[in-house]
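One structure is given below, encoded as structure tokens.
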Amino acid sequence: RKMTEQLIFLDGQLVKKEDAKISVYDHGLLYGDGIFEGIRVYNGNVFRLKEHLIRLYESAKSILLTIPYTIEEITEIVLKTIRANELQSAYIRLVVTRGVGDLGIDPFACKNASVIVIAEPLNLFPPELYETGIKIVSASSRRNRSDVISPKTKSLNYLNNVLVKIEANLAGVPEALMMNTDGYVAEGSADNIFIVKGNELITPPGYIGALEGITRNAVLEVACKKGYDAKEGVFTRHDVYVADEVFLTGTAAEVIAVIEVDGRQIGTGIPGTITNKILAGFREIVETDGTKVYE
Ligand code: PMP
């Protein structure tokens, strides 16, 4: 299937990729005024679609944005877009912008929110990164404070995350770690972090400055089922450096081991046994824990 035949859902219709265009007056472009989700389809199963849509509607509520569809309708739109592109495994980007307004910041000029669903074949991390693990650095950019725009809101305002990704690029690593303004560990530019110490797995709570990742929540469940003491907790860079294992979680990355942080080797410098068990456990649930696209 050629990419030129890709169909994108835009404001009520499936249109060709080259026709999927929005106005330069869209406030998503002018002001980052909008929200989004990144969702994954595994073998015709949309992983935790409901959880993603709940997060989308919570983000919308938080910024007083009315999504012009019900959760059931959006579910159908997502499934329809995957089917139209005949995909079995895919990455879905669901975007809701405030819509077309004028150059003023006032969102009340925007009468209709725009809803976009893009379904694409997966563009995964190279598989060898799961064998070797990745090196990361800590970023000098701080996570947005929870009392400004909450990191729990998955808004289109990702400039802070973009700056963190630039820091990673400049350091020659795939991801960088953000602290919050108190110096506590928050998350990566587009993934959550876990540290492992003994039988304990710890990930920062949302209010510290982390998105409550769907993968993160699934990993907490998988780890508890496997008998680990997995929980939210507040920690510093020191705790990351001296952890037995460190890994990142996200829709795209799934569970990926971190083997070095700021030049400090983590554990023995290879993906740890607990990380590998969690990745295997996660890859088991994605096969079944989802909404079926074709039936
Ligand atoms: N944190 C941020 C800032 C993100 O953008 C993402 C990716 N959506 C995540 C964490 C991971 O969340 P999820 O597991 O829901 O993909």
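Offset between the sequence shown (1-based) and the UniProt record's numbering: plus 1.
Ideal Cβ placement from N, Cα and C applies to all residues, glycine included.
These numbers come from a predicted model, not from an experiment.
Limits of the unbroken alpha helix (DSSP H) element including R41 = As a working mapping, residue 41 is identified with position 40 in the sequence shown. Unbroken run through R41 is the beta strand (DSSP E), 35-43; no alpha helix (DSSP H).
Assigned secondary structure, T292 (DSSP; H/G/I helix, E/B strand, else coil) = Position 291 of the sequence shown, counted from the start, is the residue given in the question as residue 292. Strand at T292.
Find out if the Cβ-Cβ distance for the pair V262, V247 is shorter than 8 Å.
-> As a first step, residue 262 is located in the sequence shown; it is residue number 261 there, counting from the start. As a first step, residue 247 is located in the sequence shown; it is residue number 246 there, counting from the start. For V262 and V247, yes; Cβs fall inside 8 Å.
Does any heavy atom of the ligand PMP sit closer than 7 Å to the C-beta of D192?
-> Reading the sequence shown from its first residue, position 191 is the one you call residue 192. Yes, Cβ of D192 sits closer than 7 Å to a heavy atom of the ligand PMP.
Skipping 5 residues on each side, what residues in its chain have a beta carbon closer than 7 Å to that of R99?
-> In the sequence shown, counting from the first residue as 1, residue 99 sits at position 98. Once the five neighbours on either side are set aside, the close Cβ partners of R99 are H28, G29, D34, G35, L66, P108, C111, A114.
Does the distance from the CB of A211 to the CB of S190 come in under 8 Å?
-> In the sequence shown, residue 211 corresponds to position 210, counting from 1. In the sequence shown, residue 190 corresponds to position 189, counting from 1. No; because the gap between Cβ atoms is not below 8 Å, this pair is not in contact.
Can you tell me which of the three DSSP states G91 falls into?
-> Taking the first residue of the sequence shown as position 1, residue 91 is located at position 90. Note on residue identity: the sequence assigns Ala, not Gly, to residue 91. In the structure shown, A91 sits in a strand (DSSP, three-state: E or B).
Identity of the residue in A120, K278, Q7, L31 nearest G105 by Cα | Within the sequence shown, the letter at position 104 stands for residue 105. Comparing Cα positions, the closest option is L31.
Which whole runs of the beta strand (DSSP E) in the region 176-262 are 3 residues long or more, in chain order?
-> Runs of the beta strand (DSSP E) inside the region 176-262: 176-180, 186-189, 193-198, 201-204, 230-233, 246-251, 255-262.
Kindly identify the DSSP beta-bridge partner or partners of R265.
-> Residue numbering aside, residue 265 sits at position 264 when the sequence shown is read from its first letter. According to DSSP, R265 bridges with V262.
Whole-angstrom C-beta distance between A91 and E121, which should lie under 8 Å = For this step, residue 121 is matched to residue 120 along the sequence shown. For this step, residue 91 is matched to residue 90 along the sequence shown. Contact flag correct, Cβ pair sits at about 6 Å.
Does the Cβ of G282 lie closer than 7 Å to at least one heavy atom of the ligand PMP?
-> Here residue 282 refers to the residue found at position 281 when the sequence shown is read from its first residue. Checking every heavy atom of the ligand PMP against the Cβ of G282, none is found closer than 7 Å.
Using a threshold of 8 Å, state whether the C-beta atoms of I194 and L280 are closer than that.
-> If you number the sequence shown from 1, residue 194 lands on position 193. If you number the sequence shown from 1, residue 280 lands on position 279. The Cβ atoms of I194 and L280 lie no closer than 8 Å to each other.
To which residues of the same chain is G45 closer than 7 Å at the C-beta, ignoring the five residues directly before and after it?
-> Stepping through the sequence shown from its first residue, residue 45 is reached at position 44. Q89, K293, V294, Y295.
Which residue or residues does DSSP assign as beta-bridge partners of Q14?
-> Taking the sequence shown and counting its residues from 1, one reaches residue 14 at position 13. For Q14, which the question treats as bridged, DSSP gives the partners L11.
If you pair each beta-carbon of the region 251-260 with each one of the region 211-221, do three or more pairs fall below 8 Å?
-> yes
Taking the alpha helix (DSSP H) that S63 falls in, what are its first and last residues?
-> Residue 63 sits at position 62 when you count from the first residue of the sequence shown. From DSSP, the alpha helix (DSSP H) with S63 extends over 50-63.
Rounded to whole angstroms, what's the CA-CA distance from R2 to I9? Just pull it up for me.
-> For this step, residue 2 is matched to residue 1 along the sequence shown. For this step, residue 9 is matched to residue 8 along the sequence shown. For R2, the predicted model reports a pLDDT of 48, less than 50, meaning its position is unreliable and no value from the coordinates is stated.
With a threshold of 16 other CB atoms inside 10 Å of the CB of L160, please say whether the residue is buried or exposed.
-> Taking the first residue of the sequence shown as 1, we reach residue 160 at position 159. The residue in question, L160, is exposed, as its Cβ has fewer than 16 Cβ neighbours within 10 Å.
So what's R2 in DSSP terms, helix, strand or just coil?
-> The sequence position of residue 2 within the sequence shown is 1, counting from 1. Residue placement at R2 is flagged as unreliable, the pLDDT there being 48, under the threshold of 50; the coordinate-derived value follows with that caveat. Coil at R2, not helix or strand.
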